[in-house]
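Below is one structure, written out as structure tokens, with a few remarks after it.
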Amino acid sequence: MPIKLSYFKDLNFNYILGGHFHSKFDIWQIDREKYFVYSGSPISITKKEIGKRKVNLFELGKPPIEYPLDTPYFEQVKIEFDPIKDFDPIKVVQDSLKNPPSYAKISLTTSGYLNNVAIGMSETKLKEKISEIIPENCIEVDYAFMDISEITEDDLFIKSLKKLDEGDYSEEKVKKMKELTIKSMMRMKL
């Protein structure tokens, strides 16, 4: 049975400490000067325990405060490539992995689509280059991106993009329409 914060509202407590060892630290204010503190774990044990670990050292009568710990934890770095944008995928990966704490174990996922003609290298070569620059504490790399240069270099696709750019659409709508165009053309090419 799930527990609701409202269950604790009328109890004569200022702090309720709860939690599960394999979760993240969190604080909820139940009422004025009443808090539910979910402890989480001080060290990540599994890959599901993402993010810097935190602890609560509280003083009675004061709100709980979270303090970050310099302990081992897992961090997910997700990069989604956009075949329409002009970018250097190696630089994007380097910037995303810049200065990670040595005690963080990183899981890197690279997804999205690439125009290998525009970036000047094949999927295989890009994977090799990324492998060369990832730090030692990167324990897992998932290469989930895909070359769609056959589509992005297609005249119909180029005309579609031009029409989208000429239209008066929000940035979010343009992004969704580009994604739909890519997916539609991928189905046509298969």
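According to the numbering used here, the sequence shown holds residues 80 to 269 in order. Just so it is clear, CB atoms sit at the ideal spot from N, CA and C, and this is done for glycine as well. Computed from a predicted model, the values in this text were never measured in an experiment.
- Query: Ordered along the chain, which non-local residues of its own chain (more than five positions away) have a Cβ less than 8 Å from that of L136?
  - Reply: The answer, listed in chain order, is I144, Y146.
- Nearest CA to the CA of I169: which residue from L205, G97, D226? L205 is the residue among L205, G97, D226 whose C-alpha sits nearest the C-alpha of I169.
- Sufficient close CB pairs (3 or more, under 8 Å) joining the stretch 211-228 to the stretch 156-175: They touch, by the three-pair rule.
- Query: Exposed or buried, what is N91 when buried is set at 16 or more other beta-carbons lying within 10 Å of its beta-carbon?
  - Reply: Around the CB of N91, fewer than 16 other CB atoms lie within 10 Å, so the residue is classed as exposed.
- Message: Need the endpoints of the alpha helix (DSSP H) that T188 sits in, please.
- Response: That residue, T188, is in no alpha helix (DSSP H); its beta strand (DSSP E) goes 183-193.
- Message: Give the list of continuous beta strand (DSSP E) stretches no shorter than 3 residues that lie fully inside the stretch 100-125.
- Response: For secondary structure counted as the beta strand (DSSP E) over 3 or more consecutive residues, the stretch 100-125 holds these complete runs in sequence order: 105-110, 113-117.
- Query: Taking Cβ positions, are L148 and V134 nearer each other than 8 Å?
  - Reply: For the 8 Å CB-CB criterion, L148 and V134 form a contact.
- May I ask you to list the residues that DSSP assigns as paired with M225? Paired residues: Y192.
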